[in-house]
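Colleague: If you read the sequences in order, they're chains A and B.
Residues 0 to 240, numbered by numbering that gives the first Met the number 0, are exactly what the first sequence covers, in order.
Residues 0 to 240, numbered by numbering that gives the first Met the number 0, are exactly what the second sequence covers, in order.
C-beta atoms are modelled at their ideal positions from N, C-alpha and C, and glycine is treated no differently.
Remember, predicted model here, so these are calculated numbers, not experimental data.
Protein chains: 2
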Amino acid sequence: MTYELYYWPGIQGRGEFVRLALEEGGASYRDIAAVPGAHGGVPAILRMLEARGERRPPFAVPVLKAGRTLIAQTPNILLYLGGRLGLAPGDERGKLWTHQLTLTALDLYVEIFATHHPLGDGYAYEEQKAAARRRTRDFLKVRLPKFCGYFERVLERNRSHRPWMVAARVSYADLTLAQLIAGLTYAFPRATARTLRKRPRLAALHDAVFARPRIARYAASGRRRPFNNEDLFRHYPELDR
Amino acid sequence: MTYELYYWPGIQGRGEFVRLALEEGGASYRDIAAVPGAHGGVPAILRMLEARGERRPPFAVPVLKAGRTLIAQTPNILLYLGGRLGLAPGDERGKLWTHQLTLTALDLYVEIFATHHPLGDGYAYEEQKAAARRRTRDFLKVRLPKFCGYFERVLERNRSHRPWMVAARVSYADLTLAQLIAGLTYAFPRATARTLRKRPRLAALHDAVFARPRIARYAASGRRRPFNNEDLFRHYPELDR
Numbered sequence: 000m001t002y003e004l005y006y007w008p009g010i011q012g013r014g015e016f017v018r019l020a021l022e023e024g025g026a027s028y029r030d031i032a033a034v035p036g037a038h039g040g041v042p043a044i045l046r047m048l049e050a051r052g053e054r055r056p057p058f059a060v061p062v063l064k065a066g067r068t069l070i071a072q073t074p075n076i077l078l079y080l081g082g083r084l085g086l087a088p089g090d091e092r093g094k095l096w097t098h099q100l101t102l103t104a105l106d107l108y109v110e111i112f113a114t115h116h117p118l119g120d121g122y123a124y125e126e127q128k129a130a131a132r133r134r135t136r137d138f139l140k141v142r143l144p145k146f147c148g149y150f151e152r153v154l155e156r157n158r159s160h161r162p163w164m165v166a167a168r169v170s171y172a173d174l175t176l177a178q179l180i181a182g183l184t185y186a187f188p189r190a191t192a193r194t195l196r197k198r199p200r201l202a203a204l205h206d207a208v209f210a211r212p213r214i215a216r217y218a219a220s221g222r223r224r225p226f227n228n229e230d231l232f233r234h235y236p237e238l239d240r
Numbered sequence: 000m001t002y003e004l005y006y007w008p009g010i011q012g013r014g015e016f017v018r019l020a021l022e023e024g025g026a027s028y029r030d031i032a033a034v035p036g037a038h039g040g041v042p043a044i045l046r047m048l049e050a051r052g053e054r055r056p057p058f059a060v061p062v063l064k065a066g067r068t069l070i071a072q073t074p075n076i077l078l079y080l081g082g083r084l085g086l087a088p089g090d091e092r093g094k095l096w097t098h099q100l101t102l103t104a105l106d107l108y109v110e111i112f113a114t115h116h117p118l119g120d121g122y123a124y125e126e127q128k129a130a131a132r133r134r135t136r137d138f139l140k141v142r143l144p145k146f147c148g149y150f151e152r153v154l155e156r157n158r159s160h161r162p163w164m165v166a167a168r169v170s171y172a173d174l175t176l177a178q179l180i181a182g183l184t185y186a187f188p189r190a191t192a193r194t195l196r197k198r199p200r201l202a203a204l205h206d207a208v209f210a211r212p213r214i215a216r217y218a219a220s221g222r223r224r225p226f227n228n229e230d231l232f233r234h235y236p237e238l239d240r
């Protein structure tokens, strides 16, 4: 089956967690944002979101179309692909653990977005800079070390799976966390370097994911969008203390 | 099996989504926060969170203990219970759809918390009142109608399942959404009344859930904590325009 991924063009955003799973899993897929002409791009995404005949409409992208089924919500898509692409264990406990780690990583993602948009995306960054500074201060001091300390602990307790969190094979939780570390390194190079210095297992996980042959090929292909300040990870030097 | 639910005492919080599922499903469970003595309350919760021997440690509560397995992350716990307690369809597409709706509802929950704590919980409400006013303005004007319009549309398109979203039986997605409507009605009575006037199916879903015999019994038992301003839903009249 050829999957279709619907996500906004020009940014990695939440779509990137899905792309990494599709790439690592060797899936055949069409990235609708990159399809030229009337069948791709924003018009195709809006048509899918607004289709009146859809009994199970998604709230937002990313959406994965599998046959005629639309699957939305990043962790839900990953849950689905995990089973299909061998990116999660087959037993129920292993599946739940992989999902739990991924949900926790995506909670961190929401907090990272909130550093530059604490008042939500109804206001531009320039309209909420003072609030962003205060939120980021707490994030870098309290929240980021708490999350990173947690994931480092998970890796430490499962050292037989090194460098992965869940099992002897890479899982979608590993891919998701590696993407977060990559994004944090773009957004907060100073604070992230400081944080990773004390968490060698996290740094090793990131490097191991991006050294995977399929992921490395994808990153070199030009299809992985570069980080940029229209995206959910943003680099504002004034926030990176 | 008797489940154990670990969640902070005194508030509903995220634990309440799990409690509603356990109650509606007729599960046997112990609410650790309410257990007197050394085996309950905050000390028992901290012991569980900090146990060094746990190979799959949770990041935070709520945590459901099922046998010897700890399951964390609200949507993950609901995914697990959905299958066990008959609160989700048995087929894969139905399971994914239930999970997708629940994840979307819980995204709304995060945005509701952000109305009074846009800078995160590192600062008291009193330290972020101006930011809270701005965030809430956008929330009530843009985000709340968007989410409510979405769920109303889901209900409309699945009218054969009335009053439920997923199937002819109540699902954990329905319980979750009903709890959100209850909390919104506490936090923003004026704005929520205005919003629900145009969304009769949402209001009917809420009423149908809280009229379920087991849920009604639970609400009348005194075990359901009353809403209060230490909780994630908070009522600040100055925010409810």
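1) Apart from the five residues on each side of it in sequence, which residues of its chain come closer than 6 Å, Cβ to Cβ, to residue 187(B)?
2) Hey, does residue 17(B) have any beta-carbon neighbour from chain A nearer than 8 Å?
3) Strictly below 8 Å CB to CB, what residues from chain A border residue 70(B)?
4) For the alpha helix (DSSP H) holding residue 185(B), just list the boundary residues, first then last.
5) When the Cα atoms are used, what is the spatial distance from residue 16(A) to residue 165(A)?
6) Does DSSP classify residue 110(A) as helix, strand or coil?
7) I'd like the list of long-range same chain contacts for residue 39(A), defined as Cβ closer than 6 Å, with 5 residues on each side in sequence excluded.
8) Going by C-alpha distance, which of 52(A), 131(A), 171(A), 93(A) is nearest residue 81(A)?
9) Rounded to a whole number of angstroms, what is the C-alpha to C-alpha distance between residue 141(A) and residue 37(B)?
10) Does any residue of chain B bring its CB to less than 8 Å from the CB of residue 108(A)?
11) Anything in the stretch 46-75 of chain B with a Cβ closer than 7 Å to a Cβ of chain A? List those residues in chain order, please.
12) List the residues of chain A that residue 171(B) touches, going by C-beta distances under 8 Å, in chain order.
13) Listing by chain order, which chain A residues have their CB less than 9 Å from the CB of residue 256(B)?
14) Below 8 Å between beta carbons: does that hold for residue 144(B) and residue 131(B)?
15) CB residue 13(B) to CB residue 4(B), shorter than 8 Å?
16) Less than 8 Å between the C-beta atoms of residue 75(B) and residue 102(A), yes or no?
17) Suppose you measure from the CA of residue 220(A) to the CA of residue 33(B); what does that come to, to the nearest Å?
18) Just tell me which of 42(A), 9(A), 0(A), 105(A) has its CA closest to the CA of residue 29(A).
19) For residue 202(B), report the span of its alpha helix (DSSP H) as first-last.
20) Just the C-alpha distance for residue 259(B) and residue 42(A), rounded to the nearest angstrom, thanks.
21) Please list the residues of the stretch 111-123 of chain A that have a C-beta atom closer than 8 Å to any C-beta atom in chain B, keeping them in chain order.
Modeller: Quick look at the numbers:
1) Apart from the 5 residues on each side of it in sequence, residue 187(B) sits with its Cβ closer than 6 Å to the Cβ of 239 in its chain, given in chain order.
2) Using a CB distance cut-off of 8 Å, residue 17(B) does not count as an interface residue toward chain A.
3) What residue 70(B) touches in chain A, judged by beta-carbon distance under 8 Å, is 95, 99, going in chain order.
4) Per DSSP, the unbroken alpha helix (DSSP H) holding residue 185(B) starts and ends at 171-186.
5) Straight-line Cα distance between these residues: approximately 17 Å.
6) Helix.
7) Annotation for residue 39(A): 31 place their beta carbon closer than 6 Å to its own, counting only its chain and skipping 5 residues before and after.
8) Relative to residue 81(A), the option among 52(A), 131(A), 171(A), 93(A) whose CA is nearest is 171(A).
9) Counting only the Cα atoms, residue 37(B) lies some 30 Å from residue 141(A).
10) Output row for residue 108(A): interface = no.
11) Answer set for the stretch 46-75 of chain B: 54, 55, 56, 58, 68, 70, 71, 72, 74, 75.
12) Result: empty, since nearest Cβ-Cβ is about 14 Å, beyond 8 Å.
13) The requested residue 256(B) does not occur in the structure, where chain B is confined to residues 0 to 240.
14) Contact: no.
15) Result no, Cβ atoms of residue 13(B) and residue 4(B) do not sit closer than 8 Å.
16) Yes.
17) Distance between the alpha carbons of residue 220(A) and residue 33(B): 56 Å.
18) Closest option to residue 29(A), judged by alpha-carbon separation, among 42(A), 9(A), 0(A), 105(A): 0(A).
19) Boundaries of the alpha helix (DSSP H) around residue 202(B): 199-209.
20) Since the displayed chain B opens at 0 and closes at 240, residue 259(B) lies outside it and no answer follows.
21) Residues 113, 117, 118, 119, 121, 122.
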